[in-house]
Each structure stands twice: as C-alpha cells, then as structure tokens.
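In the UniProt record's numbering, the protein residues as written are 1 to 315. No residue lacks a Cβ here, since even glycine has one placed at the ideal position from N, Cα and C. Down below is the structure, laid out as structure tokens.
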C-alpha cells in the first residue's frame, strides 16, 4: 500500500496484484494511520516444509545448469513463480518474490553445509578443546542435507543433533524435532541415506555398528556423551555441595525432633485415656453401691410403715 495525500481520513490507495510481482500479494502494509509498515514476519515451518517438498519434486532446481538456455531459464522461472505464490499464501508466514525465495534456498543450503563442516572440524580437534562445539540440526535441515547430498562432492561429515532450539542467526522460527542422536551423512556415489547411532563416552564412532535408517529419533532416543578429560570440580561447587549436605542434615534432625515430640504426646494421651477409664470405672462402682444402699433404706422404711399400721389397728 502507498499513502497518498494527507487527508484526515487517511485514504490509502492499493496496488493491483499485477503490480506486486510474482508473489501475487502486497509486500507493504499500512498498519497505522501514518502508514508505517508492519514488522517483517518470519519464515514458518509450514513454508519450509512446502519448499522442501517442492525441491524434492524438482531436483533439477537444486543446482544451476552448466549450460544456459532460454528454455530452461523460462521453465525454472515459472516453477519458482508458482511455488512463491504457494509459499506466500501461507497464513502468518513471510512474503517474498520468486527470486528471493530462490536466493533463500541457496543461503539455507549453504548454512546447513557449513554447520556440518564446523562439526567435522570440532570433532577433529576435540582433544584440544575444553568446550567442544555441538551443532544442532532438526529434521528439515537433515532432509535438506539428504536432498543436496547427491549434488555435493567430497563431503563426509559427522553431525551431532540435539533437542535444543537453534535459530543460528537466521529468520527461522521452529522447534527441533530430532532428539539427541548421532547422524553420519555419507555423500558417496552409491549412498544417499543417513544413519543414526549413539556415541559412547569411552569409544569412538564405529560405522559398522550403526543401525540402518528407519528408526526415527522420535521413536528411540539415544544418549550422547562426548569424551573429555576428567577435571576436578571447582571450589565453589564443593562449598555448595557441603552447604547442601549440611542443610539436609539439619532438616533430618528437625524431622527427628518433631517425630519424637509427636511420639511423646501420643504416649501421654494414651496414659490420660487409661486414667480417665479407671476413674470412670471407680465412679460407676461407687454409684452402684449408693444405689444398693438407698434400696435397702427404702425397704426398711416400707417395712416399718407396715408395722406401725398394725400397731395402730390393734389399739
């Protein structure tokens, strides 16, 4: 959109789709009365999946042909224009022209290959490095490397994949799907698949022990431990551990004291209940004795009355 004029109603004139390039959508937005552009949107995971599916179906677009011809250039431009419209139609996704999507694919492929090369360098210098580098790849980047493996020559890299999120200073905003696995990419002429294996901390990687592809990382997870020299813990860690142990001992003593107090109170309650029971029993016996005495007195009084009546009657 382009703002024209400075009227109070802020009228905005829109471009037609033909004026917007191959994307078929407007690349500018008037998000406020002053016509300020909205912040750029990031590339979504759905767009990346669509782009990968497209490249898997059109492998001739992965690398440029050695010989240029107008016919092949026209076909390539038509394919990129079609996929650009499909990518730009994704909701909440970014908008690019066909040429920018093609450049993005080239840059993304280059970054994935650089990650693999960095991992190979760090693994070669692992013994001399105190903090080895861990490069994270998700399933989309693995698909990209697998797709471009046939087009690359002389690359054999070991890539460590983890479940952490890694933006790698790009526009990507998606979650890593693969868990901690060791991925070996073999780009030989007769091999175009990935193998997954776990790393033992005391043994090197054994290519013969790798399971064949087919076990996804989401179904079976492998723990990775990089072999490194054992260094003593720092002093602050030892002090922190001592403080933790001391606090746990104090807590245990307090719990024991509370348990002892509760036990004593329970014993006192039982003793009081027993005393109360004995007192009530004695009181009941006393009441029973008084009742028997009253009955005897009443019986004597009634017998005395009968005697008095007979005496009076005789007189």
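Exercise for review: Look at the Cβ atom of residue 43, then the Cβ atom of residue 94, and state whether they are nearer than 9 Å.
Suggested key: yes
Practice item. Give the DSSP-derived three-state secondary structure of residue 95 in the structure shown. Key: coil
Point to revise | Residue environment, residue 236, which counts as buried when at least 16 other CB atoms sit within 10 Å | key: exposed
Point to revise | Under the three-state DSSP convention, the category residue 321 falls into | key: Nothing can be reported for residue 321, as the shown portion of the chain is limited to 1 through 315.
Practice item. Determine the closest residue to residue 88 out of 275, 245, 278 and 46, with distance taken between C-alpha atoms. Key: 46
Review point. What did DSSP end up calling residue 291 once you bin it into helix, strand or coil?
Key: helix
**Study point:** Exposed unless 16 or more other CB atoms sit within 10 angstroms - verdict on residue 148
**Key:** buried
Check your understanding: Between which two residues does the alpha helix (DSSP H) containing residue 62 stretch?
Key -> Counting along the chain, residue 62 falls outside any alpha helix (DSSP H), and DSSP gives it neither H nor E.
Exercise for review: Rounded to whole angstroms, what's the CA-CA distance from residue 250 to residue 240? Just pull it up for me.
Suggested key: 15 Å
Review point. Taking the alpha-carbon positions, what's the residue 343 to residue 233 distance?
Key: This structure leaves residue 343 out entirely; the chain is present only between 1 and 315.
Exercise for review: Verify whether the separation of the beta carbon atoms of residue 115 and residue 104 is less than 9 Å.
Suggested key: no
Practice item. Please determine, among 310, 256 and 58, the residue with the shortest C-alpha to C-alpha distance to residue 82. Key: 58
**Study point:** Range covered by the alpha helix (DSSP H) that runs through residue 138
**Key:** Premise fails: residue 138 is in no alpha helix (DSSP H) and is neither H nor E.
Review point. Among 52, 245, 41 and 55, which one has its Cα closest to the Cα of residue 91?
Key: 41
Exercise for review: Mind checking which residues open and close the alpha helix (DSSP H) that includes residue 84?
Suggested key: 70 to 88
Exercise for review: Grab me the residues of residue 253's own chain with a C-beta within less than 8 Å of its C-beta, minus the 5 sequence neighbours each way, in chain order.
Suggested key: none
Review point. For residue 140, which option in 48, 274, 291 and 244 has the closest C-alpha, if you only look at C-alpha atoms?
Key: 48
Check your understanding: Are residue 62 and residue 109 closer than 9 Å when you measure CB to CB?
Key -> yes
Point to revise | residue 279 - DSSP class collapsed to helix/strand/coil | key: helix
Review point. Closest to residue 52 by CA distance: which of 277, 101, 276 and 305 is it?
Key: 101
Point to revise | residue 231 - DSSP class collapsed to helix/strand/coil | key: coil
Exercise for review: Could you check the C-alpha separation between residue 287 and residue 279 for me, to the nearest Å?
Suggested key: 12 Å
Check your understanding: In three-state DSSP terms, what is residue 149?
Key -> coil
**Study point:** Alpha-carbon spacing of residue 311 relative to residue 294, whole angstroms
**Key:** 26 Å
Point to revise | Cβ neighbour criterion (16 or more within 10 Å) applied to residue 264 | key: exposed
Point to revise | Buried or exposed by the 16-neighbour rule on C-beta atoms within 10 Å, applied to residue 137 | key: buried
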